[in-house]
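Engineer:
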DNA sequence: TGTATAACATATCAGACTGATATATTATAC
DNA sequence: GTATAATATATCAGTCTGATATGTTATACA
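Residue numbers (this note's numbering), protein chains in the order written: chain P, 818 to 998; chain Z, 818 to 998.
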């Protein structure tokens, strides 16, 4: 039962809350999940077909809409599969920050260039933090409306705390760059 | 000049400091760089061959060693290529934390399982933090021995700060899980 | 009323990269 | 003397990304 494809698990996770189209799944990835996970259409659509073939999800054409719209639902088998995966120990937590990579090799280009990367990083974080803070407010207000909200809040708090720490690091990093010999 | 393969850039970055074998490059990835980047043999060895073909690195058989050892050096063209890449804006900073993914879908399995994942995460971070703190000490002591050390320190400080924040989050997350309805 | 633009919706593919595996040698521990 | 760990290179099936293609419907605004 090992070697679960991550994309299958994420999709089933999203479908466990609500029925969705492939397009909507991608939107969830790009908004709610983007702070700790991502996926492309190139993996979503093939995975959806595969999940249906394996009986973990069902596909239904939306007749009410005028669009070519395929709505996916999780099956009982799919829910079992998701639960099994959720019980397995974590395989990998991975950070892939190009900013840190370029800073690590920064001596090759010097302080000025390093500063540019740090400030761009700082700008991106400052732009994203408000969305997380807004999510925190909403979730705190609706905590007892849905059991799932507590779990969402857990990940939002992670994001807020780390982003605030990133901003502190940016300050210190700029000092270290300027101050050091 | 866009679309630089990341693996090429990382290898050239490492070679810009010292000559290395493929095996040694992998070791650097698994120790120093692992906090913000990773790579497998399956990308390293083909990339090394490719870099030599493109004149960005040179390969030399080590005759002094009894092992089948290929030592790689960066060329002037390679150094130019690295510098060009270092000047380009960051394309992507990405977090891929399976722990957060499983917590997000945590309501499906409940608090007990969520707690297990948080505590496993906490344990991993606690185990890794000492290595970063040790690196910090070493780098602070040798800051004026090598210009590059300041840049290494920048990334180490990032790791220390975020890891400490992770540990704080773990505490709060456990409280939130237990306390909330 | 017309029409440009944004958003919705699905699909495919070359190329990058991982994780596993294979193979062989040399150093070290006991 | 020998088992084990570390050194060293190489390959590949399978996963996933980023780009691209294609078409439809809703919205803005003139």
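Don't be surprised by glycine CBs; every beta carbon is placed ideally from N, CA and C.
Computed from a predicted structure; not experimentally measured.
Using a Cβ-Cβ distance under 7 Å, would residue 898 of chain Z count as near chain P?
Structural biologist: Counted from its first residue, the second chain places residue 898 of chain Z at position 81. It does not; no Cβ of chain P falls within 7 Å.
Engineer: Given this structure, state the Cα-to-Cα distance separating residue 921 of chain P from residue 889 of chain Z, to the nearest angstrom.
Structural biologist: Reading the first chain from its first residue, position 104 is the one you call residue 921 of chain P. Reading the second chain from its first residue, position 72 is the one you call residue 889 of chain Z. When rounded, the distance between both Cα atoms is 20 Å.
Engineer: Name the one or two DSSP bridge partners that residue 888 of chain Z has.
Structural biologist: Residue mapping note: residue 888 of chain Z aligns to position 71 of the second chain, counting from 1. Residue 888 of chain Z pairs with Z:877.
Engineer: So which residues of chain Z does residue 951 of chain P contact, with C-beta pairs closer than 7 Å?
Structural biologist: By 1-based counting over the first chain, the position of residue 951 of chain P is 134. In chain order: nothing, as chain Z lies at least about 17 Å away.
Engineer: One question on the structure: do residue 990 of chain P and residue 955 of chain P come within less than 7 Å of each other, judged by their Cβ atoms?
Structural biologist: By one-based count along the first chain, residue 990 of chain P stands at place 173. By one-based count along the first chain, residue 955 of chain P stands at place 138. No; because the gap between Cβ atoms is not below 7 Å, this pair is not in contact.
Engineer: Exposed or buried, which one is residue 897 of chain Z when buried takes at least 16 other CB atoms within 10 Å?
Structural biologist: By 1-based counting over the second chain, the position of residue 897 of chain Z is 80. Exposed, because fewer than 16 other Cβ atoms sit within 10 Å of the Cβ of residue 897 of chain Z.
Engineer: Kindly list, in the order they appear in chain P, the residues whose Cβ is closer than 7 Å to that of residue 924 of chain Z.
Structural biologist: As a first step, residue 924 of chain Z is located in the second chain; it is residue number 107 there, counting from the start. 964, 965 and 968, listed in chain order.
Engineer: So residue 907 of chain P contacts chain Z; which residues on that side make the cut at Cβ distance below 8 Å?
Structural biologist: Position 90 of the first chain, counting from 1, holds the residue named residue 907 of chain P. Here the neighbours are 915, 916, 919, 934, 937 and 938.
Engineer: Rounded to the nearest angstrom, what separates residue 977 of chain P and residue 906 of chain P at their Cα positions?
Structural biologist: Taking the first residue of the first chain as position 1, residue 977 of chain P is located at position 160. Taking the first residue of the first chain as position 1, residue 906 of chain P is located at position 89. So the two alpha carbons sit approximately 25 Å from each other.
Engineer: Counting only Cβ pairs nearer than 8 Å, list the residues of chain P close to residue 985 of chain Z.
Structural biologist: Start at 1 with the first residue of the second chain, and residue 985 of chain Z comes out as number 168. In chain order: 978.
Engineer: Quick one: give me the first and last residue of the beta strand (DSSP E) that residue 845 of chain P is part of.
Structural biologist: Here residue 845 of chain P refers to the residue found at position 28 of the first chain. First-last for residue 845 of chain P: 839-848, but that is the alpha helix (DSSP H), not the beta strand (DSSP E).
Engineer: How big is the Cα-Cα spacing for residue 872 of chain P and residue 891 of chain P?
Structural biologist: One-based indexing of the first chain puts residue 872 of chain P at position 55. One-based indexing of the first chain puts residue 891 of chain P at position 74. Residue 872 of chain P and residue 891 of chain P: Cα-Cα distance of roughly 9 Å.
Engineer: Which runs of the alpha helix (DSSP H), 4 residues or longer, sit entirely within the stretch 902-972 of chain P?
Structural biologist: Counting only runs of 4 or more, we get 915-921 and 928-958.
Engineer: Looking at the structure shown, is residue 1007 of chain P part of a helix, part of a strand, or coil, going by DSSP?
Structural biologist: Given a span of 818 to 998 for chain P in the structure shown, any question on residue 1007 of chain P remains unanswerable.
Engineer: Quick check on residue 989 of chain Z: does DSSP put it in helix, strand or coil?
Structural biologist: Taking the first residue of the second chain as position 1, residue 989 of chain Z is located at position 172. If DSSP states are grouped into helix, strand and coil, residue 989 of chain Z belongs with the helices.
Engineer: To the nearest whole angstrom, what separates the beta carbons of residue 982 of chain Z and residue 972 of chain P, a pair I think is in contact under 8 Å?
Structural biologist: The residue given as residue 982 of chain Z occupies position 165 in the second chain. The residue given as residue 972 of chain P occupies position 155 in the first chain. Between residue 972 of chain P and residue 982 of chain Z the Cβ distance is about 14 Å, and since that is not below 8 Å, they are no contact.
Engineer: Less than 7 Å between the C-beta atoms of residue 914 of chain P and residue 853 of chain Z, yes or no?
Structural biologist: Locating residue 914 of chain P in the first chain gives position 97, where the first residue counts as 1. Locating residue 853 of chain Z in the second chain gives position 36, where the first residue counts as 1. Closer than 7 Å, so yes.
Engineer: Since residue 959 of chain P meets chain Z, which of its residues come closer than 9 Å, beta carbon to beta carbon?
Structural biologist: On the first chain, position 142 is the one that residue 959 of chain P refers to. Result: empty, since nearest Cβ-Cβ is about 12 Å, beyond 9 Å.
Engineer: Going by Cα to Cα distance, which pick from Z:827, Z:822 and Z:821 is closest to residue 918 of chain P?
Structural biologist: Position 101 of the first chain holds residue 918 of chain P. That would be Z:827, whose Cα lies nearest to the Cα of residue 918 of chain P.
Engineer: Is there a Cβ from chain P that is less than 7 Å from the Cβ of residue 998 of chain Z?
Structural biologist: Sequence index remark: in the second chain, residue 998 of chain Z carries index 181 (1-based). Low confidence applies here, because residue 998 of chain Z scores a pLDDT of 42, under 50, leaving its location unreliable; read the following figure in that light. Yes, residue 998 of chain Z lies at the interface with chain P (some Cβ there is under 7 Å from its Cβ).
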